[in-house]
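First comes the structure, then the notes that go with it.
Numbering (the UniProt record's numbering), first residue to last: 1 to 408.
What follows is the structure in structure tokens.
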């Protein structure tokens with residue numbers, strides 16, 4: 001078990017299968033808690049601390065750049081403090097991937113929030129215009145890059161990642177460092193702090209150019225009278241929780257809106273299945289977060305389709321009395337698939353309407369009634385004017401709670 005946890009948390013973190021045969025499970029055992037680990041082959045393959053010469057090369061490129069950008073992913077989730085210090089020393093603006101949300105505070109003046117297909121205009125502008133791209137703990141996936149040849153085509157690229165398989169897999173870097181990003185950032189910060197070179201960095205004109213882009217192309221959404229824009233509901237949640245809640249999501253449009261309109265200030269504040277894209281992730285992830293973080297507000301921002309995948313976990317949060325708040329953005333559709341159908345397939349619907357075709361005026365399934373069957377308090381809202389009070393009540397109610405928000 002000790003070796004399994006070490007394997008799961010070292011190198012590129014990931015799941016480990018522990019297979020205990022039935023006959024062993026039925027035997028009496030006296031545990032040895034501090035048994036020595038024997039993983040010589042694995043430990044030998046772990047990346048070594050980055051060479052000083054390589055880190056100095058990175059800083060030389062920073063010194064030569066006029067429009068540098070930090071492109072930060074999930075690989076930086078254990079390096080938030082070091083990343084913030086690096087930005088403080090260099091003044092380089094930061095954009096994050098979906099999995100990188102929270103690794104750098106999204107309300108910081110140097111934050112460009114998320115980039116890519118569902119990212120901000122100004123983040124994508126910055127990457128396109130940059131002359132140096134510092135890619136830390138990322139994999140250059142297609143939702144970020146689009147056409148790979150055109151991505152950061154004006155930039156020199158530095159790629160730091162703990163997984164050698166990711167280096168050069170999609171985009172060939174000019175400088176590659178296979179190392180723990182935390183150790184690399186610590187090394188870079190030590191070199192910067194030990195010299196006066198960073199005092200000559202001047203990216204003021206670059207900052208102003210990006211500020212202009214922020215002013216010109218902010219995030220926005222349409223409103224329709226008393227209909228509830230899903231983005232508005234998330235903004236109200238952000239305001240009422242002061243951006244301090246742990247947010248879990250399912251997979252779909254609601255996931256992207258939650259990424260765009262909530263303020264993420266710290267690593268692992270955002271829990272979402274981005275690479276695998278597993279619908280139904282939100283509720284069980286929120287339950288785990290609530291157990292691990294007593295006293296912290298935990299909200300599952302979910303879609304009706306995704307929530308239905310693991311709706312049975314309402315029993316878990318009720319029986320264990322976990323204070324998980326479920327906020328469903330319910331549009332009666334698999335919204336992200338509908339978006340693709342509308343854009344590319346002439347709006348031909350392939351089982352993406354989730355309501356009752358025989359009575360489209362009713363809300364189906366009735367999540368409020370289902371939640372009450374699990375003895376979980378639940379409320380539905382259909383008007384924009386009801387949203388603030390409903391979210392406030394959700395947050396103030398002890399234990400689990402479900403809020404079904406009907407959106408266009």
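Glycine included, C-beta positions come from ideal geometry on N, C-alpha and C.
Ends of the beta strand (DSSP E) at residue i?
i           : result
residue 467 : The shown model of the chain, from 1 to 408, leaves out residue 467, and the question about it has no answer.
residue 303 : 298 to 303
residue 325 : 324 to 330
residue 248 : 246 to 249
residue 135 : 132 to 136
residue 120 : Residue 120 -> no beta strand (DSSP E), and no H or E assigned at all.
residue 368 : Residue 368 -> not in any beta strand (DSSP E); alpha helix (DSSP H) instead, spanning 367 to 373.
residue 144 : Element bounds for residue 144: not the beta strand (DSSP E) but the alpha helix (DSSP H), 142 to 145.
residue 16  : From DSSP, residue 16 is part of no beta strand (DSSP E); its letter is neither H nor E.
residue 95  : 94 to 96
I'd like to check one pair, residue j with residue i: are the Cβ atoms closer than 8 angstroms?
i           : j           : result
residue 115 : residue 127 : yes
residue 384 : residue 232 : yes
residue 248 : residue 285 : yes
residue 75  : residue 138 : yes
residue 93  : residue 70  : yes
residue 252 : residue 340 : no
residue 152 : residue 184 : no
residue 83  : residue 103 : yes
residue 62  : residue 100 : no
residue 274 : residue 46  : no
residue 245 : residue 297 : yes
residue 229 : residue 223 : yes
residue 283 : residue 301 : no
residue 368 : residue 327 : no
residue 210 : residue 264 : no
residue 225 : residue 307 : no
Nearest chain D C-beta to residue i closer than 8 angstroms, yes or no?
i          : result
residue 20 : In the structure shown, chain D cannot be found, because there is only a single protein chain.
Starting from residue i, follow the alpha helix (DSSP H) in both directions and report where the run begins and ends.
i           : result
residue 281 : Per DSSP, residue 281 belongs to no alpha helix (DSSP H) and is neither H nor E.
residue 32  : Neither: residue 32 is in no alpha helix (DSSP H) and is coded neither H nor E.
residue 87  : 80 to 90
residue 241 : 230 to 241
residue 319 : 314 to 319
residue 361 : Note, residue 361: premise wrong, no alpha helix (DSSP H); not H, not E.
DSSP three-state label for residue i, please.
i           : result
residue 403 : strand
residue 152 : coil
residue 380 : strand
residue 181 : helix
residue 113 : strand
residue 270 : strand
residue 205 : helix
residue 158 : strand
residue 263 : coil
residue 200 : helix
residue 176 : strand
residue 338 : helix
residue 52  : helix
residue 221 : coil
residue 125 : helix
residue 353 : strand
Measuring straight from C-alpha to C-alpha, what distance separates residue i and residue j?
i           : j           : result
residue 18  : residue 218 : 48 angstroms
residue 395 : residue 157 : 44 angstroms
residue 325 : residue 357 : 30 angstroms
residue 161 : residue 180 : 7 angstroms
residue 85  : residue 314 : 41 angstroms
residue 125 : residue 132 : 13 angstroms
residue 56  : residue 9   : 29 angstroms
residue 7   : residue 388 : 45 angstroms
residue 192 : residue 14  : 32 angstroms
residue 372 : residue 366 : 10 angstroms
residue 316 : residue 348 : 38 angstroms
residue 272 : residue 407 : 21 angstroms
residue 376 : residue 91  : 48 angstroms
residue 187 : residue 159 : 15 angstroms
residue 154 : residue 322 : 50 angstroms
residue 261 : residue 380 : 22 angstroms
residue 166 : residue 207 : 30 angstroms
residue 146 : residue 338 : 21 angstroms
Using the beta-carbon count (16 or more within 10 Å), is residue i buried or exposed?
i           : result
residue 239 : exposed
residue 96  : buried
residue 235 : buried
residue 310 : buried
residue 25  : exposed
residue 303 : buried
residue 276 : exposed
residue 269 : buried
residue 410 : With the chain covering only 1 through 408, there is no way to say anything about residue 410.
residue 174 : exposed
residue 403 : buried
residue 289 : buried
residue 164 : exposed
residue 345 : exposed
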